[in-house]
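Residues 305 to 533 in this note's numbering are what the first sequence lists, from first letter to last.
I have placed the structure first, in the form of structure tokens, so that the comments after it can refer back to it.
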Amino acid sequence: MDNINLYDILCPHKVKGYTEKHFIHHHKNDIIYNQSSSQKKIYLISKGKVKVVKFSDEGNEIIKAILTKGELFGEKALLGEGGSDEQAIAMTDNTQLCPLSVDKMYELMRENGRFSLEISKIIGFRLRKMERRLERLLFKDAKTRLIEFIRDLLEEQKERIEQQEREQSITGIEIKHFYTQGDIANLIGTTRETVTKLFNQFKKDGLLEYSRKNIIIKKKEAFLNLSSV
DNA sequence: TCATTAACTTCAG
DNA sequence: CTGAAGTTAATGA
């Protein structure tokens with residue numbers, strides 16, 4: 305996955321016909337859209353954190369993704385899919401979004417092949433990622449799920465990390481992230497406490513260290529070779 | 001092995 | 001200062 309530099313392509317008013325006023329602001333827990341929003345739009349996050357959730361019949365929420373600056377959501381509208389029971393909710397105050405109507409999106413895609421390609425890549429990638437996540441939740445234990453979650457992050461930041469490996473000594477690999485332990489717990493279907501415990505266990509084993517902004521992988525090889533059930 | 005509860009400490013805004 | 005995040009331990013499925 306290359307840089308998700310969609311933000312550069314889309315939002316900074318490079319898009320003709322867009323004015324300053326196309327930003328939307330949300331507060332924490334605001335619903336950005338839900339099943340009944342007829343106005344289907346694609347959103348690009350320019351500030352804050354957003355979760356895409358779905359509610360089961362019992363009413364508990366299943367978190368499908370947690371997204372942040374530069375990332376895109378609402379892409380189901382593009383596929384014409386009735387991804388109906390899906391909601392997007394702001395997780396932070398002062399969440400800032402760029403909405404794009406589906407029509408505008410199509411227009412852009414028609415006019416600009418490069419843009420169109422980027423979008424398909426992102427959507428494809430997202431879908432695959434979600435599938436993998438679901439599979440994991442069904443068959444693996446919490447520890448494995450966390451390991452694979454981190455592997456996904458590694459994969460996503462591959463280019464940046466490889467460059468880092470070349471430039472720096474072998475003391476560690478830095479994965480940047482924006483997840484709290486609670487977020488991670490939600491995404492891998494476990495509890496905050498368990499995530500804490502696992503991170504501490506990894507730390508004790510000298511494999512990696514978690515902090516709010518990054519995860520440092522100390523022993524990549526050892527980590528990658530960890531139990532894959 | 002892990003979720004749950006619950007009490008506690010630390011952190012960020 | 002306050003609420004959120006993170007930690008730790010006990011308990012039980």
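Glycine included, C-beta positions come from ideal geometry on N, C-alpha and C.
Just so it is clear, the structure is predicted and the values come from calculations on it, not from any experiment.
Note the first and the last residue of the continuous alpha helix (DSSP H) segment covering residue i.
{"i": "E375", "result": "It is not in any alpha helix (DSSP H) - E375 carries neither H nor E in the DSSP assignment."}
{"i": "N490", "result": "Q485 to I492"}
{"i": "S420", "result": "G417 to F443"}
{"i": "L450", "result": "A446 to E460"}
Here's the rule I'm using: 16 or more other beta-carbon atoms within 10 Å means buried, otherwise exposed. How should residue i be labelled?
{"i": "E525", "result": "exposed"}
{"i": "N307", "result": "With a pLDDT of 44 at N307, under the threshold of 50, the modelled position of that residue is not reliable, and the figure given next carries that caveat. So N307 ends up on the exposed side."}
{"i": "I335", "result": "exposed"}
{"i": "V533", "result": "Residue confidence for V533 is low, a pLDDT of 43 falling below 50, so the modelled location carries little weight and cannot support an answer."}
{"i": "F506", "result": "buried"}
{"i": "M281", "result": "No information on residue 281 is available, as it lies outside the stretch 305 to 533 that the chain covers here."}
{"i": "L371", "result": "buried"}
{"i": "G428", "result": "exposed"}
{"i": "K353", "result": "buried"}
{"i": "T495", "result": "exposed"}
{"i": "G378", "result": "buried"}
{"i": "K517", "result": "exposed"}
{"i": "L383", "result": "exposed"}
{"i": "I519", "result": "buried"}
{"i": "P316", "result": "Unreliable positioning characterises P316 in this predicted model, as indicated by a pLDDT of 49, which lies under 50. The coordinate reading is nonetheless provided below. So P316 ends up on the exposed side."}
{"i": "L376", "result": "buried"}
{"i": "R418", "result": "exposed"}
{"i": "R437", "result": "buried"}
{"i": "R440", "result": "buried"}
From what residue to what residue does the beta strand (DSSP E) around residue i run?
{"i": "F359", "result": "K353 to F359"}
{"i": "Q391", "result": "E390 to A394"}
{"i": "N518", "result": "N518 to I521"}
{"i": "T404", "result": "Note that residue 404 corresponds to Leu in the displayed sequence, not to Thr. Note, L404: beta strand (DSSP E), T399 to S405."}
{"i": "K480", "result": "I477 to K480"}
Beta-carbon separation of residue i and residue j under 8 Å?
{"i": "H329", "j": "N398", "result": "yes"}
{"i": "E390", "j": "K433", "result": "no"}
{"i": "F453", "j": "L491", "result": "yes"}
{"i": "K522", "j": "L530", "result": "no"}
{"i": "R449", "j": "G493", "result": "yes"}
{"i": "A394", "j": "Y337", "result": "no"}
{"i": "T484", "j": "A446", "result": "no"}
With residue i and residue j assumed to form a contact (beta carbons below 8 Å), what rounded beta-carbon distance in angstroms separates them?
{"i": "F503", "j": "Y514", "result": "4 Å"}
{"i": "T396", "j": "K332", "result": "6 Å"}
{"i": "K355", "j": "A369", "result": "7 Å"}
{"i": "I426", "j": "M413", "result": "The Cβ separation is near 12 Å, so there is no contact."}
{"i": "K344", "j": "V406", "result": "5 Å"}
Is the region 336-348 touching the region 398-409, taking contact as three or more C-beta pairs under 8 Å? yes
Tell me, please, whether the region 457-464 touches the region 478-490 by the rule of three or more beta-carbon pairs shorter than 8 Å. yes
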